[in-house]
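In this note's numbering, the protein residues as written are 91 to 192. All C-beta atoms, glycine included, are put in the ideal place defined by N, C-alpha and C.
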Ligand SMILES: CC(C)(COP(=O)(O)OP(=O)(O)OC[C@H]1O[C@@H](n2cnc3c(N)ncnc32)[C@H](O)[C@@H]1OP(=O)(O)O)[C@@H](O)C(=O)NCCC(=O)NCCS
């Protein structure tokens, strides 16, 4: 999703048989390249606190935790009272590609 100068990642998914082979990183690298061309300077996303692998993945790619949305997600559709926090993460995109960046 694109806003004037920032983009939101709603979801990224890699086939479970192909995880941890660098495809997620490659996808993000391609996205950043395309966003830079469009003068987008920031990526934002939200992830469930329980999704530790995605949080690690995004941190490894340079995303920082910006804030926490308390009780944002419904954990269990049958029991709406069980809720889970959402973590908002962001990445600043430099205007020019730097060596070894994403
Ligand atoms: C998150 C996801 C996109 C990562 O894709 P991927 O192709 O497996 O990730 P990569 O192989 O590019 O990993 C790059 C780095 O991120 C980190 N990372 C990725 N998966 C990780 C995991 N399960 N645990 C810890 N670190 C992880 C590692 O540092 C990894 O580098 P390394 O393998 O050299 O150690 C993938 O796990 C996925 O599809 N998850 C389910 C959907 C999801 O939760 N999407 C995000 C919601 S917004």
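*According to DSSP, what are the bridge partners of residue 130?*
Note: residue 130 sits in no beta bridge, so no partner.
*From residue 161 to residue 111, what distance separates their C-alpha atoms?*
33 Å
*Does any heavy atom of ligand 1 sit closer than 8 Å to the C-beta of residue 158?*
No - ligand 1 has no heavy atom lying nearer than 8 Å to the Cβ of residue 158.
*Which one or two residues does DSSP pair with residue 163 in a beta bridge?*
174
*Where residue 148 falls, given that 16 or more other Cβ within 10 Å makes a residue buried*: With 16 or more Cβ atoms within 10 Å of its Cβ, residue 148 is classed as buried.
*What's the call for residue 97, buried or exposed, on a 16-neighbour Cβ count within 10 Å?*
buried
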